[in-house]
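Chemist: Numbering (the numbering used here), first residue to last: 3 to 187.
Quick reminder that beta carbons are idealized off the backbone N, C-alpha and C, glycines included.
Remember, it's a predicted structure, so these values are computed and weren't measured experimentally.
(1) Rounded to whole angstroms, what is the Cα-Cα separation between residue 11 and residue 20?
(2) Looking only at its own chain, which residues have a Cβ that is under 8 Å from the Cβ of residue 109, when we skip the five neighbours before and after it?
(3) How many Å lie between residue 135 and residue 67 at the Cα?
(4) Answer yes or no: do residue 122 and residue 63 have a C-beta to C-beta separation smaller than 8 Å?
(5) Can you name, in chain order, every residue of its own chain whose Cβ lies under 7 Å from the Cβ of residue 101, other than the five neighbours on each side?
(6) Classify residue 79 as buried or exposed, calling it buried when 16 or more other Cβ atoms lie within 10 Å of its own Cβ.
(7) Just confirm the distance between the C-beta atoms of residue 164 and residue 28, as a whole number of angstroms; I'd bet it's less than 8 Å.
(8) Tell me the DSSP secondary structure of residue 23 in three-state form.
(9) Given residue 35, which residues of its chain have a CB within under 6 Å of its CB, disregarding the five upstream and five downstream residues?
(10) Tell me, to the nearest whole angstrom, how far the beta carbon of residue 160 is from that of residue 104; I am working on the premise that it is less than 8 Å.
(11) So, for residue 24: in the same chain, excluding its five sequence neighbours on each side, which residues have a beta-carbon less than 6 Å away from its beta-carbon?
(12) I think residue 126 touches residue 52, with their Cβ atoms under 8 Å apart; what is that distance to the nearest whole Å?
(13) Near residue 82, what residues of its chain come up, given a Cβ to Cβ distance below 6 Å and the 5 sequence neighbours on each side ignored?
(14) May I ask you to report which of helix, strand or coil DSSP gives residue 71?
(15) Assign residue 38 to buried or exposed, taking buried as 16 or more other Cβ atoms, counted over all protein chains shown, within 10 Å of its Cβ.
(16) Compute the Euclidean distance between the alpha carbons of residue 128 and residue 26, then round it to the nearest angstrom.
(17) Beta-carbon separation of residue 140 and residue 173 under 8 Å?
(18) My assumption, with CB atoms under 8 Å, is that residue 45 sits in contact with residue 168. Please give the rounded CB distance.
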């Protein structure tokens, strides 16, 4: 009888340790996902801070392009106010498209393209875009690991009970960014 009790205690302890290990692993992945999302926030904040300077510089050369400036400002505000990863991804993609319009306007003004302030801002924005892309990849990698962890056996048996039932959403490219670039000569 005592060996049965000892056996049950040992099995119970093993199951408890297994549940603790799963919980700690899920918490670790969840924290890494949150940290990665915060990294995106840091880089997008930098982008948001650069955009008004860029718009003002372009305005000095192309004041009649008011619609483009308004669209960039509107897209920036929407991106800053987005809360969920899906909303943020959509707003960020809209902002990227409006920035393309702004740079297209700049192409029509040779003096602007030669302006050192504009060139510096453009370089900083390009570097920031690269950092945002790296941050998004890091976030998506962590989300992938988290989503796999809560979906695979045997973790899935206890993930929901431990409060980890909902998969996290990844940052996705806008439909326009998925299309192949058409090159014509």
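Modeler: This is what the structure gives:
(1) 14 Å
(2) 115
(3) 29 Å
(4) no
(5) 74
(6) exposed
(7) 6 Å
(8) helix
(9) 144, 145, 148, 170
(10) Not quite, the Cβ-Cβ distance comes to about 50 Å (not below 8 Å), so this is no contact.
(11) 157, 160
(12) 6 Å
(13) 50
(14) helix
(15) buried
(16) 38 Å
(17) no
(18) With a Cβ gap of about 25 Å, residue 45 and residue 168 do not count as contacting.
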